[in-house]
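Q:
In our numbering, the protein residues as written are 148 to 322.
#1: If distances are taken between C-alpha atoms only, which option among 184, 162, 161, 246 comes closest to residue 171?
#2: Would you mind working out which of 196, 159, 218 sits nearest residue 208, comparing C-alpha positions?
#3: Note the first and the last residue of the continuous alpha helix (DSSP H) segment covering residue 229.
#4: In angstroms with no decimal places, state the Cα-to-Cα distance between residue 173 and residue 181.
#5: Using DSSP's beta-bridge definition, name the partner residues of residue 292.
#6: Quick one: what's got a C-beta closer than 7 Å to residue 212's C-beta in the same chain, skipping five residues either side?
#7: For residue 230 versus residue 300, is the C-beta spacing smaller than 8 Å?
#8: Could you work out which residue in 313, 268, 307, 296 is closest to residue 190 when comparing CA atoms only?
#9: With DSSP as the reference, label residue 192 as helix, strand or coil.
#10: Going by beta carbon distance, what residues of the same chain come within less than 7 Å of residue 259, once the five residues before and after it are set aside?
#11: Are residue 234 and residue 284 touching if we call contact CB-CB under 8 Å?
#12: Would you say residue 254 and residue 263 are within 8 Å of each other, going by their C-beta atoms?
#13: How would you label residue 169, buried or exposed, when you count the other beta carbons within 10 angstroms and need 16 or more for buried?
#14: Rank 175, 248, 303, 216 by C-alpha distance to the C-alpha of residue 274 and give the top, closest one.
#15: Helix, strand or coil, according to DSSP, for residue 270 in the structure here?
#16: Check for me: the alpha helix (DSSP H) holding residue 255 runs from which residue to which?
#17: For residue 262, which residues does DSSP report across the bridge?
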């Protein structure tokens, strides 16, 4: 996900959003699928996108906002390329997940729901990811990291920083 996208990308996204809205226009119960596709496109659901969807689907903005804020899979804030979720369910919490969350927050200098300025990481807490036997657990995108200690956190984050540097280097070599 590119955080500082230029106007050409914004224009393309706007056109794609118009296609999404047209696809669901006049279809009863289409708000949630339209929101999912819009979030897939933008990475989150800014108010401007919510307004366009509300207008396009002829749904009150308050209803759109209500759905976006009710369902946890929707986000009002940009997410990083690497989305970190720290399980704070009971099994994870009693095994130190709170301290792990705090360490990630300290290293990245962000709070829950925030994204690093470079757009690389975002941090959220969740209630349970269903891997209680691996407690405490974090997920980074689809990767599950379990049986963690606070001391493991810097190395895990560094792995993703190194991975990003390698991807950028490969992109430069190809160009």
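From the three backbone atoms N, C-alpha and C, an ideal C-beta is built for every residue, glycine too. If you're wondering where the values come from, they're calculated on a predicted model, not measured in any experiment.
A: According to the structure shown:
#1: 184
#2: 196
#3: Residue 229 -> not in any alpha helix (DSSP H); beta strand (DSSP E) instead, spanning 229 to 234.
#4: 12 Å
#5: 285
#6: 197
#7: no
#8: 268
#9: coil
#10: 270, 271, 272
#11: yes
#12: no
#13: exposed
#14: 248
#15: strand
#16: 244 to 255
#17: 269
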